[in-house]
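These protein sequences, in sequence, are chains A and B.
For what it's worth, numbering that gives the first Met the number 0 labels the leading residue of the first sequence as 0, then goes sequentially.
For what it's worth, numbering that gives the first Met the number 0 labels the leading residue of the second sequence as 0, then goes sequentially.
Virtual Cβ for every residue (Gly too), placed ideally from N, Cα, C.
Note that the coordinates shown come from a computational prediction; the quantities given were computed from them, not determined experimentally.
In what follows, a single structure is set out as C-alpha cells and then discussed.
There are 2 protein chains.
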Amino acid sequence: MKDFNLLSRRQQNMLRFMHNYMLERGFPPSIREIGEECDIGSTSVVNYNLNKLVDAGYIVRSGKVSRGLRIVAAIPGVAQAPRVIGLPAPNQVALVGRIAAGEPISLPEDIGHHIDEDDYIAVPPQLLGGYDEGEVFALTVRGDSMVDSMIQDGDIVILRRQNTADNGEMVAAWLPDDNETTLKHFYREADNIRLQPANMAYQPLYVHPANCEIKGKVLSVMRSFR
Amino acid sequence: MKDFNLLSRRQQNMLRFMHNYMLERGFPPSIREIGEECDIGSTSVVNYNLNKLVDAGYIVRSGKVSRGLRIVAAIPGVAQAPRVIGLPAPNQVALVGRIAAGEPISLPEDIGHHIDEDDYIAVPPQLLGGYDEGEVFALTVRGDSMVDSMIQDGDIVILRRQNTADNGEMVAAWLPDDNETTLKHFYREADNIRLQPANMAYQPLYVHPANCEIKGKVLSVMRSFR
DNA sequence: TTGACATATAAACAAATGTTCGTGTATACT
DNA sequence: AGTATACACGAACATTTGTTTATATGTCAA
Numbered sequence: 000m001k002d003f004n005l006l007s008r009r010q011q012n013m014l015r016f017m018h019n020y021m022l023e024r025g026f027p028p029s030i031r032e033i034g035e036e037c038d039i040g041s042t043s044v045v046n047y048n049l050n051k052l053v054d055a056g057y058i059v060r061s062g063k064v065s066r067g068l069r070i071v072a073a074i075p076g077v078a079q080a081p082r083v084i085g086l087p088a089p090n091q092v093a094l095v096g097r098i099a100a101g102e103p104i105s106l107p108e109d110i111g112h113h114i115d116e117d118d119y120i121a122v123p124p125q126l127l128g129g130y131d132e133g134e135v136f137a138l139t140v141r142g143d144s145m146v147d148s149m150i151q152d153g154d155i156v157i158l159r160r161q162n163t164a165d166n167g168e169m170v171a172a173w174l175p176d177d178n179e180t181t182l183k184h185f186y187r188e189a190d191n192i193r194l195q196p197a198n199m200a201y202q203p204l205y206v207h208p209a210n211c212e213i214k215g216k217v218l219s220v221m222r223s224f225r
Numbered sequence: 000m001k002d003f004n005l006l007s008r009r010q011q012n013m014l015r016f017m018h019n020y021m022l023e024r025g026f027p028p029s030i031r032e033i034g035e036e037c038d039i040g041s042t043s044v045v046n047y048n049l050n051k052l053v054d055a056g057y058i059v060r061s062g063k064v065s066r067g068l069r070i071v072a073a074i075p076g077v078a079q080a081p082r083v084i085g086l087p088a089p090n091q092v093a094l095v096g097r098i099a100a101g102e103p104i105s106l107p108e109d110i111g112h113h114i115d116e117d118d119y120i121a122v123p124p125q126l127l128g129g130y131d132e133g134e135v136f137a138l139t140v141r142g143d144s145m146v147d148s149m150i151q152d153g154d155i156v157i158l159r160r161q162n163t164a165d166n167g168e169m170v171a172a173w174l175p176d177d178n179e180t181t182l183k184h185f186y187r188e189a190d191n192i193r194l195q196p197a198n199m200a201y202q203p204l205y206v207h208p209a210n211c212e213i214k215g216k217v218l219s220v221m222r223s224f225r
C-alpha cells in the first residue's frame, strides 16, 4: 500500500501540478515548468525529486526525452485511476446513421467514413457484449415499423458489424427484393430464412437467403423518453 | 463534417502513429520521432503536415513546446471519440431491484437502503434525462407482461423517484386492487386515469386514481441481447 | 563535534527539439 | 508556355530541455 504522506510536501505538490498540467494541456510538463510552479530554483532539485517519485512508484520516467513523464499511480484526493490524457475516451460508439423500414442502412464504409466527431455516444460496457468498440456502431431508429421487434421510434440500437449470423441472434437485415430494412431474430431453416419478431404476437417473416443481407448483429438497445 | 479520407496517406499514418505512441508511452511523440516512423526525411515536412492536421481539426498544437501535441478528434478505424476533459464520468445508478407484473416494486426506502455497492450499473448521461443520479434508480424487468409497453424480459428500466406524473409521461405504477405493477404512459382524464401502452396495438387500461400508486417516472430503457 | 545521509542550489553542458528558409517537384488551371 | 498551389526536401538556427558536477545546508545519531 502506497503511502501518500511519506512524500514530502514538495513532492506532493509536484505530483498535483503534474496531474493538473496534463489535464489542461494534454501532455506532461517539463522539468523547468515543474520547478517554476513549485518554487524550485534548480532543475536538479526537480530531477532529484522526480526520481524520488519514481522510487515511490507514483510516476515513470523515460530517460533523455523531453516531458518523458507519466503518472502511474492514483494521487489521493486528486486523481482516481491513472489515465492517459489526450486519448480517446473508452466506450464511445460511432453513431453512424439511422435505420428506417424503407431504406437501407448507412454503414461507415458505405458513406466513405464521413463521421462527424460529434456523432459518438457513450455506451455502458454491459451493452457492448464484450466486443471492441471499434467494431461496434449505433443507429437511430426512425419510424414505428419495428414495433414487432419491441423497438420503437427514437431507439438507439447498438450493433456489431458482421455479415453472417447464428440462429437466434437478432440481426439488422436488408431485404433487397422488398426494399426493406428489418431487425429480427435470425433462424436458418431448410430452404429459407425465418426472421422472427421479438414480440411473439407477430408473425415471422420467411425470406430467401438471396434476399437477405445481414448488416450486423444487434447487441443492445437504448431508449430514452422525452 | 470531418472527412478522414481528405487526409493524405501520410497524414493518416501520422495520426495513427501519434495515437499509438501516446497509448504506449503516455506522452506525445516529437516531430523527429514522427518523421522516422512515417518515413519522412525532413522535420519541416512533419511540421507542415502537422499543421494540416490542425487545420483539419484532428489535433491541437502548443507552439514552441516539445511534444506539444494533443489529439482532439476521433480517428476512424483506430480511435473513437476524443476525450473531453471535465465531462462527467459515466454515471453509476443504483440497481435496486426488479419489476414484475405480479409484485410491487421494491424501492430503496422499502428495503431500508440495503444497497450493495456492486448493485450499481453504468448509465450513459443521455439516459438520465438531466436528473441527478441520486434520485434515479434502475430495475430489472422480469417476465413478458410488459410487451404492450415495448419492454421485455431482461430489460433494465431507469426511473426517477416521484409519486406524481404529468400527462404523457411513462410511469411505473402499482395497482393495489389488481395486485399488479405496470409500466405505461400516464394520462389523467375526467374521472379516472388512462394507462396507455406504448404499442398502439394494445388497449389502454383505465383505473381509478385510488387504485394507482405512481412509483416513478421511466426515463429510459436499456436492453442487452444474449 | 564528527560523520553519514537526505535535500537543496547554481552553473555549465550536451542533446533533443521546434522553427524557418531556400529550393525542388509535381499537378492542375489559364 | 506560364502560373498558382500543394507538397516535399535539406540545412541551418535558436530554444528548450534533460543531465551532470561541485558545493552548500540541514538533520540525526554516535
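For residue 211 of chain A, same chain residues with a beta-carbon under 7 Å away, outside a window of 5 residues either side, are 172, 174, 192 in chain order.
The Cβ atoms of residue 183 of chain A and residue 148 of chain A sit closer than 7 Å to each other. The alpha carbon of residue 206 of chain B has as its nearest neighbour, out of B/188, B/139, B/219, B/56, the alpha carbon of B/188. In the DSSP assignment, the residues bridged to residue 185 of chain B are B/194. Under a 10 Å Cβ-count criterion, residue 209 of chain B is classified as exposed, with fewer than 16 other Cβ atoms of the shown protein chains found around its own Cβ. Boundaries of the alpha helix (DSSP H) harbouring residue 24 of chain B: 8 to 24, taken from the DSSP string. Here residue 69 of chain A is not near residue 142 of chain B, since their CB atoms are 7 Å or more apart. 18, 21, 22, 24, 25, 26, 27, 29: these are the residues of the segment 13 to 34 of chain B whose beta carbon lies less than 8 Å from some beta carbon of chain A, given in chain order.
Residue 162 of chain A counts as exposed, since fewer than 16 other C-beta atoms from the protein chains shown sit within 10 angstroms of its C-beta.
Per DSSP, the unbroken alpha helix (DSSP H) holding residue 35 of chain B starts and ends at 30 to 36. Beyond the five residues adjoining it in sequence on each side, residue 134 of chain B comes within less than 7 Å, by CB distance, of 159, 160 in the same chain, given in chain order. Contact annotation for residue 67 of chain B against chain A: 26 [CB-CB distance below 7 Å, chain order]. Membership of residue 47 of chain B in any beta strand (DSSP E) is not indicated; the residue belongs instead to the alpha helix (DSSP H) covering 42 to 54. Judged by DSSP in its simplified three-state form, residue 217 of chain B adopts strand. Membership of residue 172 of chain B in the beta strand (DSSP E) is indicated by the continuous run 169 to 174. Per DSSP, residue 204 of chain A is one residue of the beta strand (DSSP E) stretching across 204 to 206. Judged by beta-carbon spacing, residue 221 of chain A lies within the 7 Å limit of residue 221 of chain B, meaning their Cβ atoms are closer than that value.
In terms of beta-carbon proximity, residue 44 of chain B stays away from the interface with chain A, with every pair separated by 7 Å or more. In terms of Cα proximity to residue 137 of chain B, the closest of B/151, B/122, B/45 is B/122. Below the 8 Å Cβ cutoff, chain A contributes 221, 222, 223, 224 as neighbours of residue 219 of chain B, in chain order. In the three-state reduction of the DSSP assignment, residue 126 of chain B falls in the helix class, which pools H, G and I. In this structure, residue 180 of chain B lies near residue 98 of chain B, with their beta-carbon atoms less than 7 Å apart. Taking 7 Å as the cut-off, the Cβ atoms of residue 37 of chain B and residue 12 of chain B count as close. Assignment of residue 148 of chain A by DSSP, reduced to helix, strand and coil, places it in the helix class. Closer than 9 Å at the C-beta level to chain B, one finds these residues of the segment 51 to 66 of chain A: 59, 61, 64, 65, 66. For residue 163 of chain B, no beta strand (DSSP E) run applies, since DSSP gives it neither H nor E. Comparing C-alpha distances from residue 214 of chain B to each of B/151, B/185, B/65 shows the shortest one belongs to B/185. Approximately 19 Å separates the beta-carbon atoms of residue 128 of chain B and residue 219 of chain A; this is outside 8 Å, ruling out the contact. The beta carbon of residue 66 of chain B is closer than 8 Å to those of 26, 27, 28, 29 in its chain, skipping five residues each way along the sequence. Ranking B/17, B/198, B/152 by CA distance to the CA of residue 169 of chain B puts B/198 first. Counting every other CB atom within 10 Å of its CB across the protein chains shown gives residue 164 of chain B a total of 16 or more, marking it as buried. With respect to chain B, the C-beta atom of residue 145 of chain A has no partner C-beta closer than 7 Å. Proximity of residue 126 of chain A to chain B, defined by a Cβ-Cβ separation below 7 Å, is satisfied. Assignment of residue 200 of chain B by DSSP, reduced to helix, strand and coil, places it in the coil class. Listed as beta-bridge partners of residue 179 of chain B by DSSP are B/174.
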